[in-house]
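Note that the sequence shown covers residues 610 to 758 in our numbering. The block underneath contains the structure these notes are about, expressed in structure tokens.
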Amino acid sequence: TTGLTPFEVVLGHTDSSNAFDVDFNKHYTQKLINDHANRTKFLYKYLTEKMIDHKENIREKRGGEKNINLDEGETVYIKGVNTRRSKDKPRFERAIVSGNIVRNTVPIHVRNRETKVTIKDIRRPPQVRDRAAGNEHPEPEPGPSTAED
């Protein structure tokens with residue numbers, strides 16, 4: 610054992626009341642202080658590297674900057690995160706893109722106000738697709754109950 614209390618070991622403080630070992634306590638205290646400072650620097654450096662790596666991994670998982678082409682004047686739907694107060698109110702609200710995308714934020718025009726929304730809260734309007742390319746209003750196909758024999 611070192612003969613020191615846990616407080617002295619962790620924080621690097623020693624009792625200097627012993628008159629016979631003044632030189633020993635001085636050198637030992639300096640050694641503890643330097644060792645503690647080196648460990649603190651190493652721990653700080655290690656933790657900052659871990660945090661930076663973790664942030665980079667999150668950015669890679671989320672895809673970083675998204676490449677979505679939205680033209681000015683295009684109609685989109687935005688998700689009102691905090692505005693929806695009950696189940697019967699719509700989740701999305703119609704908006705018009707009013708500018709270019711900058712760092713995953715899109716300037717939009719909603720009702721009578723201009724605002725910016727993140728790309729993750731934007732949905733495109735649903736596309737209506739026809740089964741036949743040239744047919745505007747296709748005839749419904751008969752189901753199994755109305756099939757002619």
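Heads up, the beta-carbon is just placed ideally off N, CA and C, and yes, glycines get one too. Remember, it's a predicted structure, so these values are computed and weren't measured experimentally.
Coil, strand or helix - residue i by DSSP
i, result
"Thr657", "helix"
"Thr714", "strand"
"Lys725", "strand"
"Glu681", "coil"
"Arg648", "helix"
"Arg668", "helix"
"Lys640", "helix"
"Lys688", "strand"
Residue i versus residue j: straight-line alpha-carbon distance, rounded
i, j, result
"Ile731", "Arg703", "10 Å"
"Leu656", "Lys696", "44 Å"
"Ala764", "Phe701", "No answer is possible for residue 764: it lies beyond the span of the chain, which begins at 610 and ends at 758."
"Ile642", "Val619", "10 Å"
"His718", "Leu679", "14 Å"
"Arg668", "Thr638", "45 Å"
"Asn713", "Arg648", "40 Å"
"Ile728", "Glu681", "15 Å"
"Arg694", "Lys688", "13 Å"
"Arg720", "Lys654", "50 Å"
"Lys635", "Lys659", "36 Å"
"Lys670", "Lys664", "10 Å"
Environment of residue i [buried if 16+ CB atoms lie within 10 Å]
i, result
"Leu652", "exposed"
"Val726", "buried"
"Ile705", "exposed"
"Val685", "buried"
"Val715", "buried"
"Ile661", "exposed"
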